[in-house]
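**Q**
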Amino acid sequence: MSSNWVFDIKKMQQKYGVHDWMKEATPFELKKYIRFRYDFLKEEMAETDEAIIMDDAEELVDGLIDICVVAIGTLEAIGVDPYKAWDTVLKANMTKESGVKKSRPNPLGIPDMIKPKGWKGPSHKGNHGRIAESYEQEWTEKHDAAIDELVDANKEKYGRAVETVPEMMEKPKAKPKKKAKKKATTKKSKYTPGPGPLDGTQAKIDWTKDSEYIRLYGEGDETDK
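Taking numbering that gives the first Met the number 0, the leading residue of the sequence shown gets 0, the next gets one more, and so forth.
1) To which residues does DSSP link residue 111 through a beta bridge?
2) Hey, is the region 33-48 in contact with the region 85-97, meaning 3+ C-beta pairs nearer than 8 Å?
3) What's the C-alpha gap between residue 54 and residue 103?
4) Assign residue 131 to one of two classes, buried (16 or more other C-beta atoms within 10 Å of its C-beta) or exposed (fewer than that).
5) Any idea if residue 62 is buried or exposed, counting beta-carbon neighbours within 10 angstroms, 16 or more meaning buried?
6) To the nearest angstrom, report how far apart residue 69 and residue 36 are at their CA atoms.
7) Cα separation between residue 50 and residue 150?
8) If you follow the alpha helix (DSSP H) that residue 20 is part of, which residue opens it and which one closes it?
9) So the candidates are 122, 85 and 125; which of them puts its Cα closest to the Cα of residue 3?
10) Can you say whether residue 88 is buried or exposed, counting buried as having 16 or more other CB atoms within 10 angstroms of its CB?
11) Any idea if residue 231 is buried or exposed, counting beta-carbon neighbours within 10 angstroms, 16 or more meaning buried?
12) Which residues in the same chain have their Cβ closer than 6 Å to the Cβ of residue 115, if we skip the five residues on either side of it in sequence?
13) Using three-state DSSP, classify residue 34 as helix, strand or coil.
14) Given a threshold of 16 other Cβ atoms within 10 Å of its Cβ, counted over all protein chains shown, does residue 122 qualify as buried or as exposed?
15) Rounding to the nearest angstrom, what Cα-Cα distance links residue 20 and residue 75 in this structure?
16) Residues in the same chain with beta-carbon distance under 8 Å from residue 71, minus the five sequence neighbours each way, listed in chain order, please.
17) CA-CA distance, residue 12 and residue 32?
18) Apart from the five residues on each side of it in sequence, which residues of its chain come closer than 8 Å, Cβ to Cβ, to residue 14?
19) Quick one, are the C-beta atoms of residue 119 and residue 111 less than 7 Å apart?
20) The alpha helix (DSSP H) that contains residue 132, what's its start and end?
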């Protein structure tokens, strides 16, 4: 049974050529690698979350271990000493006190770890591996090729060349759909028109068609109108 996770992962990454790739990686590629591994962690977190929802014990154990594998593997690959980083965090955590953390509600009643007054957080100074290299503004042929590829892809998406990298990252805005104008329709009334507006005009009323008139006087003729 293994008792050294970091050593196990180091062997695994040597087997699959991760270390060889890292030796040749440019700052641009290092930054892409870190982002890739971060997205990998999010993927494992999503699968673990699904296992919790589905009450799947097998996938829950597998998901939690995968999170450890990706996290430790990322640290080891970019040159951070995982042992030293672990000890630094453990030492700082062991100086905390039991209590209730108001910013993190704990409905289970389990004691939480509280930072006492004067508590000092862990410092990983001198153990950042090659992370700082990924921040360097080194422009390489591979970098140029990647940008050219992105420009070409966006030419197809926008139908034109875009000028800036932020603009490249924008999603094309959907054109608002034009609402069809409804044609105004005048519905003919089945009733006899009433008096017009108060401007001196009035619609002519045919009283011979009135039901009360017909009851009293019978059907009228043209002279009654």
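Using N, Cα and C, we set each Cβ at its ideal position, and we do this for glycine too.
**A** To lay it out plainly:
1) According to DSSP, residue 111 shares a beta bridge with 98.
2) No contact exists between the region 33-48 and the region 85-97.
3) A straight line joining the alpha-carbon of residue 54 with that of residue 103 spans about 25 Å.
4) It is exposed - the Cβ of residue 131 has fewer than 16 other Cβ atoms within 10 Å.
5) It counts as buried.
6) If I take the Cα positions, the gap works out to 7 Å.
7) The alpha-carbon atoms of residue 50 and residue 150 are separated by roughly 40 Å.
8) Residues 17-23.
9) Of the listed residues, the one whose Cα sits closest to residue 3 is 85.
10) Its Cβ having fewer than 16 others within 10 Å, residue 88 is exposed.
11) As displayed, the chain neither begins before 0 nor continues past 224, which places residue 231 out of reach and without an answer.
12) So the list reads 96, once near-sequence residues are dropped.
13) If DSSP states are grouped into helix, strand and coil, residue 34 belongs with the helices.
14) Looking at its Cβ environment, which holds fewer than 16 other Cβ atoms inside 10 Å, residue 122 is exposed.
15) Across the structure, residue 20 and residue 75 are spaced so that their CA atoms are roughly 13 Å apart.
16) Cβ contact annotation for residue 71 (same chain, cutoff 8 Å, sequence separation greater than five): 4, 5, 8 and 81, in chain order.
17) Linking residue 12 to residue 32 through their CA atoms gives a straight-line distance of about 14 Å.
18) Counting only Cβ-Cβ distances below 8 Å, and skipping sequence neighbours, we find nothing.
19) No.
20) Per DSSP, residue 132 belongs to no alpha helix (DSSP H) and is neither H nor E.
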